Amino acid sequence: MHLDPDFGHLTYGDGGNRRGKPLLDLGRDDLVVFYGGLRPVAPCEHRLVYALVGAYRVDEVVRLRSVVEARWSENAHTRCLEHEPSDVILRAQPGCSGRLRRCIPIGEFRDGAYRVTPPILEAWGGLSCQNGYLQRSAVLPRFLDAPRFLDWFEEQGPELVSANNP
1 MHLDPDFGHL
11 TYGDGGNRRG
21 KPLLDLGRDD
31 LVVFYGGLRP
41 VAPCEHRLVY
51 ALVGAYRVDE
61 VVRLRSVVEA
71 RWSENAHTRC
81 LEHEPSDVIL
91 RAQPGCSGRL
101 RRCIPIGEFR
111 DGAYRVTPPI
121 LEAWGGLSCQ
131 NGYLQRSAVL
141 PRFLDAPRFL
151 DWFEEQGPEL
161 VSANNP
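Just so we're aligned: 91 in this note's numbering is position 91 of the sequence shown, and the numbers increase by one with no gaps anywhere.
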């Protein structure tokens, strides 16, 4: 199973030659936010609920080739039998990183795709992707105004836990 992000070990990995390469530009204390398309537990108008599921404060970002064997159990990319040395591994700071105990819904299906709702997109100050597009992409979206996003996020009262879903 490719468990990534791994909220128990507070790691995230990605391919280092394309999608994951921008992760190398992140520094300590930068914020990485995870979202997912989840099956609704109650009837709703959409097949999926797009929601924030976790957040990491960056501790460090390294290439897989530099990860010592004693730490291979910490990330899906290092647990693979065949490693890609150029893959990127992000390690998060304990105590201020983890999986959200309760997800925060942020998206809806409109214009043929799942997107951040306009009111939330406005509250965040926008995203680098077109019209709040959320579906899996080759380029990771970025917040256009990270402090505004962080203010909004804190207003939601997030509770982060260092554990994967049971």
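By construction, the Cβ of each residue, glycine as well, lies at the ideal position given by its N, Cα and C atoms. Here the structure is a predicted model, which means the values were calculated and not measured.
Item: Please confirm whether Val-32 and Tyr-12 have their CB atoms less than 8 Å apart.; Value: yes
Item: How close, in whole Å, do the beta carbons of Gly-27 and Arg-99 come, if the pair is a contact with beta carbons under 8 Å?; Value: At roughly 23 Å, the Cβ-Cβ gap does not stay under 8 Å, so Gly-27 and Arg-99 are not in contact.
Item: Please list the terminal residues of the continuous alpha helix (DSSP H) segment that includes Pro-118.; Value: 118–124
Item: Looking only at its own chain, which residues have a Cβ that is under 6 Å from the Cβ of Gly-132, when we skip the five neighbours before and after it?; Value: Arg-115, Val-116 and Leu-121
Item: Tell me which residues share the same chain as Gly-37 and place their Cβ nearer than 6 Å to its Cβ, disregarding the 5 neighbours each side in the sequence.; Value: Leu-48 and Tyr-50
Item: Measure the alpha-carbon distance for His-9 versus Gln-135 and round it to whole angstroms.; Value: 26 Å
Item: Which whole-angstrom value is the C-beta distance of Asp-6 and Glu-69, which I expect to be below 8 Å?; Value: That pair is no contact at about 17 Å.
Item: Go ahead and pull the three-state DSSP assignment for Glu-108.; Value: strand
Item: Residue range of the alpha helix (DSSP H) that Glu-60 falls in?; Value: Unbroken run through Glu-60 is the beta strand (DSSP E), 49–63; no alpha helix (DSSP H).
Item: Identify whether Phe-143 lies in helix, strand or coil by the three-state DSSP scheme.; Value: strand
Item: Indicate the three-state DSSP secondary structure (helix, strand or coil) for Ala-70 in the structure shown.; Value: helix
Item: Going by DSSP in three states, Ala-163 sits in which element: helix, strand or coil?; Value: coil
Item: Using the Cβ count rule (16 or more neighbours within 10 Å means buried), how would you classify Asp-25?; Value: exposed
Item: Give every residue of the same chain whose Cβ lies closer than 7 Å to the Cβ of Arg-91, excluding the five residues on either side of it in the sequence, and list them in chain order.; Value: Leu-10, Thr-11, Asp-59 and Glu-60
Item: So, for Arg-19: in the same chain, excluding its five sequence neighbours on each side, which residues have a beta-carbon less than 8 Å away from its beta-carbon?; Value: Ala-138, Val-139 and Leu-140
Item: Could you name each continuous beta strand (DSSP E) segment of 3 residues or more that falls completely within the segment 2–47, going from the start of the chain to the end?; Value: 11–14 and 31–38
Item: Would you grab the beta carbon distance between Gly-16 and Val-62 for me? Rounded to a whole angstrom, and I think it's under 8 Å.; Value: With 8 Å as the limit, Gly-16 and Val-62 do not qualify as a contact, their Cβ atoms being about 10 Å apart.
Item: Would you say Trp-152 and Ala-113 are within 8 Å of each other, going by their C-beta atoms?; Value: no
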